[in-house]
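Structure record follows, encoded as structure tokens.
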Amino acid sequence: MSTIRSRLTLIQTRLKQAETDPTKAKRGDQFIAVMTPFYNSASKTFEALDKQFQKLQQELQTVGEWLNEARDINGDYLRTINAFRREVVACGKQLAQQREKEKNDALREEFKRQQKMKPKSKKNLLTEETTPTQNLTEPQFQDENN
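As structure tokens, then:
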């Protein structure tokens, strides 16, 4: 802010010099014609920006006092708060990834369960229940006496 203020002051000084001693201006020099409207516009914009900056500084001071960091003129507490914010965002991303993984795992388990419960085809049933030495036409009964 101080650099901008000093540059605007320099422009204002040069404008005053050019207006008070027009003989120093070179022929065809447009400095006054161009820089006067620029300076007027820039100074108004800068003053508005400076007011917002001062208001922000006051609000940061209030936040610092609320956080018992009133003597922290460098705003180190803001770095701490920002680091905390980044950690919270990272945790949120990790939780979202974990939920997505759990959802995918649950879907995979459900798919496996459904595959196990599907009725097997007749071809698979015959090959699983009979051996090559068994006669497929004879019914298989269990002995009730056992």
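Under UniProt numbering, the very last position in the sequence shown is 146; numbers go up by exactly one each time.
Here a beta-carbon is modelled for each residue, glycine too, at the ideal position from N, C-alpha and C.
**Study point:** Segment limits, alpha helix (DSSP H) that includes Gly-75
**Key:** Following the DSSP letters along the chain, one finds Gly-75 in no alpha helix (DSSP H), marked with neither H nor E.
Review point. Could you check where the alpha helix (DSSP H) with Gly-28 kicks off and where it finishes?
Key: Taken as a continuous stretch (DSSP letters only), Gly-28 belongs to no alpha helix (DSSP H), as it is neither H nor E.
Review point. In this structure, does DSSP put Asn-68 in helix, strand or coil?
Key: coil
Exercise for review: Excluding the 5 residues preceding and the 5 following Tyr-77 in the sequence, name in chain order all residues of the same chain whose CB lies nearer than 7 Å to its CB.
Suggested key: Gly-64, Leu-67, Glu-69
**Study point:** DSSP three-state assignment for Pro-22, whether helix, strand or coil
**Key:** helix
Practice item. State yes or no: is the C-beta of Lys-24 within less than 9 Å of the C-beta of Gln-30? Key: no
Check your understanding: Between Arg-5 and Phe-38, is the Cβ-Cβ spacing less than 9 Å?
Key -> no
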